Amino acid sequence: MSIALALFAMLLLGSTHFINGLLSRHYPALNIGLFTHLGGAFVALPGAVMLATWAPGVWKWGALAGIGSALGALLLYRGLSRAAFALVVPVSSVAMVVIALALSLLFLDERPGKWVWFGVMVALPAIWLTAGGKAPKAVHGTCKNHSGLWLGLGAGAGFALQLFALGQVPEPAAEYGIAVCMLAGAALLLPFYRRPQPASRQHPLFATTAGGISALGLTLYALSREGPQPCPHNNKGGD
């Protein structure tokens, strides 16, 4: 069940990136990131009030996740506005997984199993295949591809920080962590908002909707992280 939730969460997050990637071809990446975080907050905050329990560490980890989320969104959408989806998206996704794993190793002393390491080994050539299977010189051959590659790596680092920080929020308060993350990301991007020319009503609507989808994806990710709960009747130690 946890694997299914995680896969569906990645599907929702990927849908957010696809929608906003299309928008980034016509509107500033900062504006898209702002409305995405606002949409995420509109969905996550009511869900947190109804389903979650507040915990003291939510402000700290939620704000740190918001920094990573804002940075990841800005770099990803800027990269998608300059280079091909087939280059930026796989690079950012795999970088997110690998960097998040590295953070867990360094700061949480976690020891992933052999299947996790196998997945990392498979993911690295997957970037090359998804990007077109070209030689390294071909990938770096144009200024756009070079820029998209580095922006994708930076976006992956930002999203890895987001997932790592959200992972430190106590499970009963996970939805509050997502809400604080979205609000913090919006607060960081708000001072840089630029009114697009020409103005469009569809741009905020689509980006806000994508943000709501992202919040749902992060909620499913938090639920998948909880895993199966132990049965209280199996306590052999007695009272």
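1021 is the number of the first residue of the sequence shown in the working numbering; add one for each residue after it. For each residue, glycine too, the CB sits at the ideal point set by N, CA and C. Just so it is clear, the structure is predicted and the values come from calculations on it, not from any experiment.
Limits of the unbroken alpha helix (DSSP H) element including residue i
{"i": "V1189", "result": "First-last for V1189: undefined, no H or E at that position."}
{"i": "Y1213", "result": "Y1213 -> no alpha helix (DSSP H), and no H or E assigned at all."}
Straight-line gap, residue i to residue j (C-alpha atoms, nearest Å)
{"i": "L1263", "j": "I1039", "result": "One cannot answer for residue 1263 here, as it falls past the ends of the chain, which runs 1021 to 1259."}
{"i": "P1224", "j": "F1055", "result": "6 Å"}
{"i": "L1033", "j": "A1204", "result": "19 Å"}
{"i": "A1185", "j": "A1106", "result": "28 Å"}
{"i": "I1198", "j": "G1092", "result": "15 Å"}
{"i": "H1037", "j": "V1118", "result": "19 Å"}
{"i": "C1201", "j": "G1187", "result": "12 Å"}
{"i": "A1026", "j": "V1108", "result": "22 Å"}
{"i": "S1124", "j": "S1101", "result": "31 Å"}
{"i": "T1229", "j": "I1052", "result": "11 Å"}
{"i": "R1133", "j": "G1174", "result": "First, the residue type needs correcting, since residue 1133 is Gly and not Arg in the sequence shown. Distance between the alpha carbons of G1133 and G1174: 27 Å."}
{"i": "A1206", "j": "Q1222", "result": "19 Å"}
{"i": "A1075", "j": "D1129", "result": "23 Å"}
{"i": "A1004", "j": "E1195", "result": "Here the chain covers residues 1021 to 1259 and nothing more, so residue 1004 does not appear."}
{"i": "Y1213", "j": "P1048", "result": "9 Å"}
{"i": "L1236", "j": "H1046", "result": "26 Å"}
{"i": "A1120", "j": "F1127", "result": "11 Å"}
{"i": "A1104", "j": "S1234", "result": "22 Å"}
{"i": "H1057", "j": "P1110", "result": "22 Å"}
Burial state of residue i, where buried means 16 or more other Cβ atoms lie within 10 Å
{"i": "L1239", "result": "Per the sequence shown, residue 1239 should be read as Thr rather than Leu. Under this definition T1239 is a buried residue."}
{"i": "Q1182", "result": "buried"}
{"i": "I1023", "result": "exposed"}
{"i": "T1073", "result": "exposed"}
{"i": "M1116", "result": "buried"}
{"i": "A1122", "result": "exposed"}
{"i": "F1226", "result": "buried"}
{"i": "L1084", "result": "buried"}
{"i": "G1077", "result": "exposed"}
Cβ-Cβ separation, residue j to residue i (assumed contact under 8 Å), whole Å
{"i": "G1168", "j": "S1113", "result": "The pair is not a contact, with the Cβ atoms about 14 Å apart (cut-off 8 Å)."}
{"i": "G1086", "j": "F1179", "result": "Not quite, the Cβ-Cβ distance comes to about 12 Å (not below 8 Å), so this is no contact."}
{"i": "G1231", "j": "G1060", "result": "4 Å"}
{"i": "S1035", "j": "Y1097", "result": "Their Cβ separation, rounded to whole angstroms, is 14 Å, which puts S1035 and Y1097 out of contact at 8 Å."}
{"i": "W1079", "j": "V1189", "result": "That belief does not hold up - the Cβ atoms of W1079 and V1189 are roughly 10 Å apart, past 8 Å."}
{"i": "L1171", "j": "L1095", "result": "5 Å"}
{"i": "A1064", "j": "S1244", "result": "In fact, because the Cβ distance is near 16 Å, the residues do not count as touching under 8 Å."}
Every unbroken alpha helix (DSSP H) within the segment 1030-1105, with a cutoff of 4 residues, ordered by chain: Counting only runs of 4+ residues, the alpha helix (DSSP H) found wholly inside the segment 1030-1105 occupies 1049-1071, 1078-1102, in chain order.
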